[in-house]
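In full-length UniProt numbering, the protein residues as written are 1 to 436.
Pasting the structure below:
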């Protein structure tokens, strides 16, 4: 099987997936696919270094046997930075920054495990017939010299996914002048003193998945919590949540868009029926490429600068809140948690339907053109990219991880009228309501 060829069992009937039928080393992945990994929550060491720790595949699967008992290559095995600190239990008595730091790692683990599991399932027949090994997420822990750390789970050139990155960062340190300027431009000038010196804290999980198959959509997720604290004080002068999820197909399957939106709408409705229409429109407006006059994809939800006051404004009884209630972000935190943990249900069923469907070279070329649009948005318009680049000591590898491995630009390219490609562009120029 060549490097660019994807294994497919479509030439014959596909039996049901059974991990016990895999070679011995593979069983460790399939049966123990949810084996624990984590990094420190908010217990940052004082190490002022950006050196990476040695990566070993055994750490993730320490309670199982060696991943490849026959001594074969471990290049495709998942790796995780060592030593690792177990994910701590939720503790509502902790500050919000600590609770969010725990949650983003749990969300990261759930998504990365789902990516690994689909790669394994896609190749199980090849494992029996060809002895093919899975290529799974590499776990890479890093330390930020200015304060904080992160864990990156990245897969490149797998059987299903061209590139998948699930990244967590929990960072803190002095807020740069550029960051303060950006915060003032976004309406926080009322709480930031002109001569004040501020510290920044940010915890978030960001994910982008680019499949090989043009029939399978790209997906993006980001949920984050940020604080600004005046130097010498403990209580934040500003704290807010942001995030969302969205779907970017190269070829439109309406049932996929409906499913993706319906799952997140159900989560929103469980908290407030006004959330979904507001956040859906916000997403349509945000993930828009002005110089192309089209959306990046078929949307999802998006919100930013979300604080308790915003939530209660939706419900029109903010005047009834005490000052303590206005500073309580626990309700928003619960909403963010449920949004993040619903992503696997939003996206993986779509991937299971699409990753192995037939496609032509022309379809692959169109996918590359659409990925060019993805690159344009991320580098020119995305607020998260701008925030990352404005943060001192920013890890460029993490910021650029959202970009696909390959993309394409052609001069004066327009899809043929009446084609499936033209059908997609029509939807991108006129957003639709997908959920009921």
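Ideal Cβ positions, reconstructed from N, Cα and C, are used throughout, including at glycine. Here the structure is a predicted model, which means the values were calculated and not measured.
Alpha-carbon to alpha-carbon, residue j and residue i
i: residue 113; j: residue 370; result: 27 Å
i: residue 336; j: residue 422; result: 35 Å
i: residue 312; j: residue 274; result: Note that residue 312 scores a pLDDT of 40, beneath 50, so its modelled location is shaky and nothing firm can be said.
i: residue 358; j: residue 239; result: 47 Å
i: residue 227; j: residue 96; result: 10 Å
i: residue 339; j: residue 389; result: 26 Å
i: residue 419; j: residue 425; result: 10 Å
i: residue 206; j: residue 157; result: 20 Å
i: residue 103; j: residue 155; result: 22 Å
i: residue 172; j: residue 133; result: 39 Å
i: residue 94; j: residue 225; result: 15 Å
i: residue 406; j: residue 219; result: 16 Å
i: residue 412; j: residue 365; result: 15 Å
i: residue 381; j: residue 131; result: 45 Å
i: residue 98; j: residue 201; result: 11 Å
i: residue 404; j: residue 198; result: 35 Å
i: residue 395; j: residue 152; result: 11 Å
i: residue 355; j: residue 417; result: 27 Å
i: residue 121; j: residue 137; result: 14 Å
i: residue 415; j: residue 280; result: 27 Å
i: residue 305; j: residue 242; result: 6 Å
i: residue 147; j: residue 116; result: 30 Å
i: residue 266; j: residue 129; result: 42 Å
i: residue 408; j: residue 92; result: 48 Å
i: residue 398; j: residue 221; result: 14 Å
i: residue 276; j: residue 342; result: 14 Å
i: residue 391; j: residue 177; result: 10 Å
i: residue 400; j: residue 387; result: 13 Å
i: residue 245; j: residue 361; result: 29 Å
i: residue 332; j: residue 268; result: 11 Å
i: residue 285; j: residue 213; result: 27 Å
i: residue 289; j: residue 262; result: 25 Å
i: residue 334; j: residue 344; result: 17 Å
i: residue 127; j: residue 140; result: 26 Å
i: residue 278; j: residue 436; result: 15 Å
i: residue 229; j: residue 223; result: 20 Å
Nearest-angstrom Cβ-Cβ length linking residue i and residue j, presumed shorter than 8 Å
i: residue 209; j: residue 264; result: Actually they do not touch by this definition, with Cβ atoms about 16 Å apart.
i: residue 307; j: residue 329; result: 7 Å
i: residue 143; j: residue 135; result: Not confirmed; about 26 Å, so no contact.
i: residue 303; j: residue 282; result: 6 Å
i: residue 211; j: residue 162; result: 6 Å
i: residue 119; j: residue 160; result: 6 Å
i: residue 203; j: residue 363; result: That belief does not hold up - the Cβ atoms of residue 203 and residue 363 are roughly 39 Å apart, past 8 Å.
i: residue 298; j: residue 434; result: 7 Å
i: residue 145; j: residue 393; result: 6 Å
Boundaries (first-last residue) of the beta strand (DSSP E) holding residue i
i: residue 150; result: 148-156
i: residue 281; result: First-last for residue 281: 275-286, but that is the alpha helix (DSSP H), not the beta strand (DSSP E).
i: residue 305; result: 299-306
i: residue 162; result: 161-174
i: residue 202; result: 198-211
i: residue 292; result: Run containing residue 292: none; DSSP gives neither H nor E here.
i: residue 244; result: 238-248
i: residue 230; result: 218-230
i: residue 139; result: 138-143
Extent of the continuous alpha helix (DSSP H) run through residue i
i: residue 354; result: 343-354
i: residue 268; result: 254-271
Residue i Cβ short of 6 Å to the ligand COA heavy atom set
i: residue 172; result: What this structure holds is no ligand at all, so the ligand COA is not there to describe.
Q | Validate contact between the segment 163-173 and the segment 101-110 using beta carbons, cut 8 Å, 3 pairs | A | yes
Q | Residue ranges of each alpha helix (DSSP H) within the segment 380-434, 4 or longer | A | 383-390, 396-399 and 420-429
Q. Quick one: any contact between the segment 359-377 and the segment 240-251, if contact means 3 or more CB pairs under 8 Å?
A. yes
Q: Taking 8 Å as the threshold, find out whether the segment 371-388 comes into contact with the segment 346-361 through three or more Cβ pairs.
A: no
(Q) Taking 8 Å as the cut-off, does the segment 221-234 touch the segment 253-260 (at least 3 CB pairs, one atom from each stretch)? (A) no
Q.
So, does the segment 288-305 touch the segment 424-433, judging by three or more C-beta pairs under 8 Å?
A. yes
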